[in-house]
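For the sequence shown, the residue numbers in our numbering are 12 to 168.
Glycine included, every Cβ here is placed at the ideal spot set by N, Cα and C.
Heads up: the structure comes next, in structure tokens.
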Amino acid sequence: MKRFTLLLAFALLATAPASADTLANQVGAEAKRLLAQVSSAQTSATARPGAKPQPLAPALSTELQRFGLAASRLSSEIDQHGGPADLRCIFRGMAEETGKQLTAANAAATGAEQAKALGRLTHMLKDAVEIAPAVGGNATAASSSRAAAAQCPAVQF
């Protein structure tokens with residue numbers, strides 16, 4: 012029985028750092044998947060610059076909100092593991108930017124306004140696809156003090 016408990020404890024410890032990697036991979040994969048949908052919506056909005064824009068599909072809005080939550084969770088996880096403050100700040104900024112641009116896209120009065128918000132989302136999602144793999148082992152690497160990790164400089168996407 013002790014042998015089984017020891018093996019179980021070892022297995023749990025071995026998989027703990029992988030959870031950060033799994034969440035980072037999930038965020039990257041979700042960003043890649045959403046990128047095609049947001050780009051398509053942006054193209055549609057761009058084609059009708061002066062007209063009232065089509066509302067975003069409810070499923071797309073929900074998935075973007077889910078992405079924002081996952082990015083926020085990843086930011087918190089990086090912070091909890093003492094990971095690099097810059098990565099934590101990037102994903103926190105992505106979470107905030109997702110909500111801000113989703114609101115702007117839904118409230119847009121013209122296709123041009125909606126296309127602008129969707130363009131910002133497209134740019135951010137491309138960044139997420141590129142940056143998420145960098146979290147991997149870095150989420151558990153202690154590289155910053157708690158005082159430095161408590162603040163994020165302003166980020167513009």
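task: Buried or exposed for residue 45, please, with buried defined as at least 16 other CB atoms from any protein chain shown within 10 angstroms of its CB.
output: Position 34 of the sequence shown, counted from the first residue, corresponds to residue 45. Flag for residue 45 reads buried.
field: Test item: CB-CB of residue 135 and residue 108 under 8 Å
entry: Sequence index remark: in the sequence shown, residue 135 carries index 124 (1-based). Sequence index remark: in the sequence shown, residue 108 carries index 97 (1-based). Less than 8 Å divides the Cβ of residue 135 from the Cβ of residue 108.
- request: Name the residue from 37, 47, 64 and 50 whose alpha carbon lies nearest to the alpha carbon of residue 123.
  value: By 1-based counting over the sequence shown, the position of residue 123 is 112. The shortest C-alpha separation from residue 123 is found at 64.
message: Using 8 Å as the threshold, is the C-beta distance between residue 49 and residue 133 below it?
response: Locating residue 49 in the sequence shown gives position 38, where the first residue counts as 1. Locating residue 133 in the sequence shown gives position 122, where the first residue counts as 1. Cβ distance < 8 Å, so residue 49 and residue 133 count as in contact.
- request: Please classify residue 125: does DSSP put it in a helix, a strand, or coil?
  value: Residue numbering aside, residue 125 sits at position 114 when the sequence shown is read from its first letter. Correct three-state label for residue 125: helix.
- prompt: Going by C-alpha distance, which of 141, 126 and 138 is nearest residue 58?
  reply: Within the sequence shown, numbered from 1, the residue matching residue 58 stands at position 47. Looking at the Cα atoms, 126 is the closest of the given residues.
- prompt: In the stretch 61-144, which residue ranges form an unbroken alpha helix (DSSP H) of at least 4 residues, counting only runs that do not cross its ends?
  reply: Correct list: 69-91 and 96-118.
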